[in-house]
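Engineer: Handing you this structure, nothing more for now.
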Amino acid sequence: MQTDIQAAAGHAPMNRQRLLHLFNQLGMLIILMLLIAAMAVFAPNFMEVTNMLNILKQASITAILAAGMTIVILTGGIDLSVGSTLALSGVLSVMMSNAGVHPVIAMLAGAAVGCAAGSINGYLTAVPKLPSFVVTLGSMTYLRGLAFVVSGGYPIALENSLFKFVGSGDILGIPTPIYIMAIVYVVMFYVLKYTMFGRHIYAIGGNEEAARLTGIKVERSLIKVYAISGLLAGIAGVVMTGRLFSAQPTGGTGYELDAIAAVVLGGTSFVGGFGRIQGTIIGVLVIGVLTNGLVLLNVDFYWQMIVKGGVIVAAVLLDRIRR
Amino acid sequence: MVHETNALEARVQSGHEAPVMRMEEVNKSFSGVQVLHDMQIELYKGEVHALMGENGAGKSTLMKIMAGVHRPDSGTIRYKGQEVSWHNPMEARDRGISVIHQEISLSPNLSIGENILMGTKLPKNRFGLVQWARIYDRAAHILQSIGSTLNPKAYVSTLSIAEQQMVEIARALSFHSEVLIMDEPTASLTDKEIEKLFAIIADLKQRGVAIVYISHRMDEIFRISDRFTVLRDGRWVDSGPVEETNPDHLVKLMVGREIKDLFQRTPSSQTAGTKTPVLELQNVSDKRTVKGVSLKLYPGEIVGLAGLVGAGRTELVRTIFGMSGLHGGEILMDGYPVQIVSPSDAIKHGIAHVPESRKEQGLFPNLSVKENMLMAQLHAYRSGGKLQASRMNEEAEGYIRKLGVKTASKEQNVMGLSGGNQQKVVIARWLSIGPKVLLLDEPTRGVDIGAKTEIHKIISKLAEEGLAVLMISSELPEILGVSDRILVMHEGKITAELPRQEATQETIMYYATGGRP
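This is the structure in structure tokens:
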């Protein structure tokens, strides 16, 4: 505390900058609080502990995807393929498990498939320098196709109990997916803030040309970034099968858009280089609270979509005006 | 031709003819830096007016004010007897002022005809649909008038540079230009194409067009210009008939700047040649610009690389740093040949590179001073995968002190710093790798005079510590003030090597404009 005061006295302009910075970070948090307050007043049972845990559990899949999406967008790219990756990984891991493969190995294989699919996206974006939008638009389609081909187009019932535990179980009363989500965000926070790879992501997003001239292996870093996005989509796929007790080739359709919306709500810029993982989790919660509240308020599903879309645009607009 | 020129001069001098354009006391500043001071120029019908000056003398700003790209802060522009104030380039163009930029500004994916008529009202039928036949007719007509047989339906992407330039000229004419500004139009043309261009210029003169001709090539100026205006440091220096001057005189007018205000380094006492050069180039070429360059760089010396824009200096440095492929020749470090195909290879060999444009190639606008300083060397601060904040802080603070970076703190965003301090941050980044060779490309561009001197002192001190420095600069006083040796480049080749003691602004300019020993 004392050092804080000293710092404030010694570096007045910097302190103001920090305050502004803090305010910027808090912006979406304030919107989240307002949203929660509104729901607490109008939606019955919203503030119940079970409902809170439910919101987190439901948000966990989008949250895991959004963590990967954050680093992709930080480099100035986009990954549209995460929803399809999720489906393919889920289908493959459940089929392996049902065929008698050890469930842990089946789960790891599901995650690995996601990682491989992401690496291909990364390679095409980094080396022949194709636009990530086009690359992942393509893989979104072919990975979905693969999920259909492998599964024969039907949902596959889940038999293994470990899968069910991962998706629907709980530890000490808290659902397992929440732990997984928490681990992903803690690790991602650490990687982005304290590792060379994390700082290189910011450098590449801020100025790719300068990064290259600084000797950063830009291609290698980009491949890693997309591979991580794919890996997280694979993990999300496994969690999802455990939640639905089945693997569905249609699973995760449109989830990439939820993930992108969460990242944008979290203040990460499409320009690249600006953004934080903490922001993304707030963005995820804004969407989660809104969805949950609208359900509790018995809002018609079609109207839910209209409200959700409108809130996303309004929130980002508000954020832009505030800056 | 000579006869005509005399006739023109007679009219100009006897005051019978009013200038088609006259600018007086024009001032212009960009973000607090004044780039034009009381500028003046007069253009007459049917003359070729050579606009001359070193890089940064203010030629392009003057040209942009004429064409309505920038508005002057003060001063008057009279055009055809009327005071004018252009609101935008379109307005100036509609009134008859056209520019042919050095960089060709055509749309390669459209046809010649569309490019020529772009910006004019396209002919339409009564349903509002474009009438292609009439576009091509009109374009063909304009092309014919400059003796070109290009097919207006052909795509611009299929044309040579010279042909594209013809299209640019045709486009300028489609606006019925009375003033035509040509910015280094011959820079990328072959001798034959230049002859063709000169024939067109002669024809345009006949028609009464006033041509502003910007070129670094002395021989061209004396061949086709009637009058000249020389600018220096944003000020008008002299104007007059070309007949009454000579190349030496023009060079003197261009460079007559005072050196005394700038840092003067005591040249290194070490004698080059007694040691192994730390960096040696043997007959190095790149794919386009650099043609067979050989040079040696010794530890502890600063070699200035002078030349005009487009001489290939930046390209040479980019080749050394592995940014553009080596196309013949060899690079040696400490006497041994090395393979450098990427910047990270160059960095591994101890080569550092401060690029020409800080903003586009140097800075990470989203990051702090500290991270901008240490980004090339993050791996040195790792311990078990985690970056050691305390060591990074120490290192960054060390550089802030050593280089005198004026910043609120090491955590300050780098974009909040002045140009000079940003440049110090980029220099610190390269010191952090412990380099043997430092390549500097215009290290003090866009930096105020105080910070300039500080940067010169830093460079000088680094050389004393044993670093070999190769410095590109377009400012001759800087080259003369800091270098131990000076290399001059012209059209991709090194045309002169001058010891500091023998070099003057005039000799450097002489070799930089294609003069031979």
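Those sequence lines, one after another, are chains U and C.
Going by this note's numbering, the first sequence opens with residue 1, and the numbers climb by one from there.
Going by this note's numbering, the second sequence opens with residue 1001, and the numbers climb by one from there.
Ideal placement from N, C-alpha and C gives every residue a C-beta, glycine not left out.
Establish whether the CB of S1344 (chain C) and some CB of chain U are separated by less than 7 Å.
Structural biologist: Taking Cβ atoms only, chain U reaches closer than 7 Å to S1344 (chain C), which makes this a yes.
Engineer: Nearest-angstrom Cα distance between S1145 (chain C) and E1220 (chain C)?
Structural biologist: About 24 Å.
Engineer: Give the C-beta separation of G1075 (chain C) and N1027 (chain C) to the nearest angstrom, bearing in mind that I take them to be a contact with Cβ-Cβ under 8 Å.
Structural biologist: Confirmed, about 6 Å.
Engineer: Buried or exposed, going by whether 16 or more other CB atoms sit within 10 Å of the CB of R320 (chain U)?
Structural biologist: When all chains shown are included, R320 (chain U) counts as exposed.
Engineer: If contact means a Cβ-Cβ distance below 7 Å, which residues of the segment 1368–1397 of chain C contact chain U?
Structural biologist: Within the segment 1368–1397 of chain C, the qualifying residues are E1371, M1375, A1376, L1378, H1379, R1382, G1385, K1386, L1387.
Engineer: For my contact list, A1172 (chain C) and S1098 (chain C) are in at a C-beta cut-off of 8 Å; report their separation, rounded to the angstrom.
Structural biologist: The pair is a contact, with the Cβ atoms about 4 Å apart (cut-off 8 Å).
Engineer: Excluding the 5 residues flanking A315 (chain U) on each side, which residues of the same chain have their C-beta closer than 8 Å to its C-beta?
Structural biologist: M28, I31, L265, V286.
Engineer: Across which residues does DSSP place R1445 (chain C) in a beta bridge pair?
Structural biologist: Answer is none; R1445 (chain C) lacks a bridge partner.
Engineer: Determine the closest residue to H1037 (chain C) out of C:S1029, C:Y1381, C:Y1044, with distance taken between C-alpha atoms.
Structural biologist: Checked all of C:S1029, C:Y1381, C:Y1044; the closest Cα to H1037 (chain C) is C:S1029.
Engineer: Along chain U, which residues have their Cβ under 7 Å away from the Cβ of P1355 (chain C)?
Structural biologist: Residues of chain U passing the Cβ test: L213.
Engineer: 7 Å is my cut-off, CB to CB: does L196 (chain U) come that close to chain C?
Structural biologist: For the sequence presented, residue 196 (chain U) should be read as Met rather than Leu. Interface residue, yes.
Engineer: Relative to the alpha-carbon of S139 (chain U), which residue among U:V91, U:D79, U:V101 has its alpha-carbon at the smallest distance?
Structural biologist: The residue with the shortest Cα to Cα distance from S139 (chain U) is U:D79.
Engineer: Beta strand (DSSP E) containing P1337 (chain C): first to last residue?
Structural biologist: Unbroken beta strand (DSSP E) run through P1337 (chain C): 1336–1338.
Engineer: Taking N1088 (chain C) and G1068 (chain C) to be in contact with their CB atoms under 8 Å, please state how far apart those CB atoms are, rounded to whole angstroms.
Structural biologist: Indeed they touch by this definition, with Cβ atoms about 6 Å apart.
Engineer: Would you give the residue range spanned by the alpha helix (DSSP H) that P177 (chain U) belongs to?
Structural biologist: Run containing P177 (chain U): 176–194, per the alpha helix (DSSP H) assignment.
Engineer: Tell me whether N1413 (chain C) sits in a helix, a strand or coil according to DSSP, three-state version.
Structural biologist: It is a strand residue.
Engineer: Going straight from the alpha carbon of L158 (chain U) to that of F245 (chain U), what length do you get?
Structural biologist: The straight-line gap from Cα to Cα measures roughly 5 Å.
Engineer: Going by beta-carbon coordinates alone, are V1437 (chain C) and A1408 (chain C) separated by less than 7 Å?
Structural biologist: Contact flag unset, no.
Engineer: Could one say the Cβ of Q1361 (chain C) lies closer than 7 Å to chain U's Cβ atoms, at least one of them?
Structural biologist: Answer yes: the Cβ-Cβ gap between Q1361 (chain C) and chain U drops below 7 Å somewhere.
Engineer: Hey, is A1172 (chain C) close to the ligand GTP, as in C-beta under 6 Å from one of its heavy atoms?
Structural biologist: The model on display carries no ligand, and the ligand GTP is accordingly not part of it.
Engineer: Rounded to a whole number of angstroms, what is the C-alpha to C-alpha distance between G1240 (chain C) and R1223 (chain C)?
Structural biologist: One C-alpha to the other measures close to 15 Å.
Engineer: Return helix, strand or coil for M1182 (chain C), following the three-state DSSP convention.
Structural biologist: It is a strand residue.
Engineer: Run down chain C in chain order and give the residues with a C-beta less than 8 Å from the C-beta of G205 (chain U).
Structural biologist: Correct list: N1366.
Engineer: Please tell me whether A1459 (chain C) has its Cβ less than 7 Å away from any Cβ of chain U.
Structural biologist: Position check: residue 1459 (chain C) holds Ile in this sequence, whereas Ala was assumed. False, the Cβ-Cβ gap to chain U never drops below 7 Å.
Engineer: Just the Cα atoms here: how many angstroms apart are D1276 (chain C) and D1334 (chain C)?
Structural biologist: The amino acid occupying residue 1276 (chain C) in the given sequence is Thr; Asp does not appear at that position. Each residue's Cα considered, the two are about 6 Å apart.
Engineer: Anyone know if the C-beta pair for V1212 (chain C) and I1181 (chain C) falls short of 7 Å?
Structural biologist: The answer is yes: Cβ separation under 7 Å.
Engineer: I want to see whether chain U comes within less than 7 Å of I1340 (chain C), judged by CB atoms only; does it?
Structural biologist: It does not; no Cβ of chain U falls within 7 Å.
Engineer: Can you name the start and end residues of the alpha helix (DSSP H) that W1430 (chain C) belongs to?
Structural biologist: From DSSP, the alpha helix (DSSP H) with W1430 (chain C) extends over 1419–1431.
Engineer: For A210 (chain U) and chain C, any beta-carbon pair shorter than 7 Å?
Structural biologist: Judged by the 7 Å Cβ criterion, A210 (chain U) is in contact with chain C.
Engineer: Quick one: list the residues of chain C neighbouring F274 (chain U), beta-carbon separation under 7 Å, in chain order.
Structural biologist: Those are N1366, listed as they occur along chain C.
Engineer: At the 7 Å Cβ level, is I1347 (chain C) part of the contact set with chain U, yes or no?
Structural biologist: Taking Cβ atoms only, chain U reaches closer than 7 Å to I1347 (chain C), which makes this a yes.
Engineer: Excluding the 5 residues preceding and the 5 following Y179 (chain U) in the sequence, name in chain order all residues of the same chain whose CB lies nearer than 7 Å to its CB.
Structural biologist: Once the five neighbours on either side are set aside, the close Cβ partners of Y179 (chain U) are I171.
Engineer: Among all the DSSP beta bridges, which residues are the ones paired with K1296 (chain C)?
Structural biologist: According to DSSP, K1296 (chain C) bridges with C:E1280.
Engineer: Is there a Cβ of chain C sitting closer than 7 Å to that of R320 (chain U), yes or no?
Structural biologist: No, R320 (chain U) lies away from the interface with chain C (no Cβ there is under 7 Å from its Cβ).
Engineer: Reducing DSSP to helix, strand and coil, say where K1064 (chain C) ends up.
Structural biologist: It is helical.
Engineer: What is the DSSP secondary structure of H1037 (chain C), counted as helix, strand or coil?
Structural biologist: The answer is strand: DSSP assigns H1037 (chain C) an E or B state.
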